[in-house]
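Worksheet for the structure shown next.
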Amino acid sequence: MREEPRSGCAINAAVEVLGDPWTLIVLRDVIFGGRRHFRELLARNDEGIASNILAARLRKLVGTGLLTRDEAPRGRKATYTLTEAGIQTLPVMAALGAWGLAHRPTTPELAIRARLLAENPHLVDELMDELREAHLGIARETTGGPTASERLRQAYEEARAAQAG
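Written out as structure tokens, the structure reads:
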């Protein structure tokens with residue numbers, strides 16, 4: 018994996034890491050889906066990623082420092098963990114989701130998270146703190162109410178129920 022970007026442009030440097038669709042989809046599934054094992058990422062991916070593509074993207078994300086791979090004993094699952102750099106992609110994901118809502122067709126149940134993050138920017142910060150706790154072991158302040166991820170999950174379930182009729 019190339020250490021130095023092709024140019025000194027910050028956008029180019031980011032695109033070299035995040036510029037293909039599968040990389041962003043894998044990050045989405047780790048960030049929003051809580052999927053941390055290869056088989057979970059493969060089996061529960063809505064877009065149907067192939068196993069060789071998933072393996073390549075996970076290697077890329079580890080190689081570029083967005084994920085770490087915790088080796089497991091033989092016969093056990095390796096665990097992928099977000100790094101701080103990986104967690105800091107959440108605002109980018111939220112912005113991409115907002116753009117997708119405004120300019121592309123989406124379904125209500127799959128658009129709800131993007132809509133909530135666009136309408137409630139504080140949720141991005143709260144979710145980043147939750148990810149830091151879950152992936153990096155950094156304790157977060159608790160508010161006593163539902164967490165950002167619980168609010169997003171509840172909204173998703175309500176949207177699914179409404180679609181089902």
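First residue of the sequence shown? That's 18 in our numbering, and the numbers climb one at a time after it. Each residue gets a CB set at the ideal place from its N, CA and C atoms; glycine is no exception. On a predicted model such as this, the values are computed, not experimentally measured, just so you know.
Excluding residues up to 5 positions away in sequence, P125, E126 lie with their Cβ nearer than 7 Å to the Cβ of Q180 in the same chain.
It is roughly 10 Å from the alpha-carbon of E174 to the alpha-carbon of E167. Assignment of beta-bridge partners to Y97 by DSSP yields R86. DSSP places H120 inside the alpha helix (DSSP H), whose first and last residues are 107-120. Positions of the alpha helix (DSSP H) runs, each at least 4 residues long and wholly inside the segment 137-173, are given as 139-148 in order along the chain. From the listed residues L153, A151, L169, the smallest Cα separation to L134 is found for L169.
CA-CA distance, R76 to G162, rounds to 37 Å. Three or more beta-carbon pairs separated by less than 8 Å link the segment 98-108 to the segment 135-154, which places the two stretches in contact. Under the DSSP assignment, I48 falls in the alpha helix (DSSP H) whose first and last residues are 38-48. Contact between L71 and F55 is confirmed by a C-beta separation of about 7 Å, below the 8 Å threshold. In terms of CA proximity to E88, Y97 leads the group A178, Y97, A172, T81. Between R61 and D37, the alpha-carbon positions lie close to 20 Å from each other. Using a Cβ distance threshold of 7 Å, D46 and R53 do not count as a contacting pair. DSSP places E64 outside any alpha helix (DSSP H), giving it a letter other than H or E.
Counting every other CB atom within 10 Å of its CB across the protein chains shown gives G25 a total below 16, marking it as exposed.
Distance between I42 and E21, taken at the CA atoms: about 24 Å.
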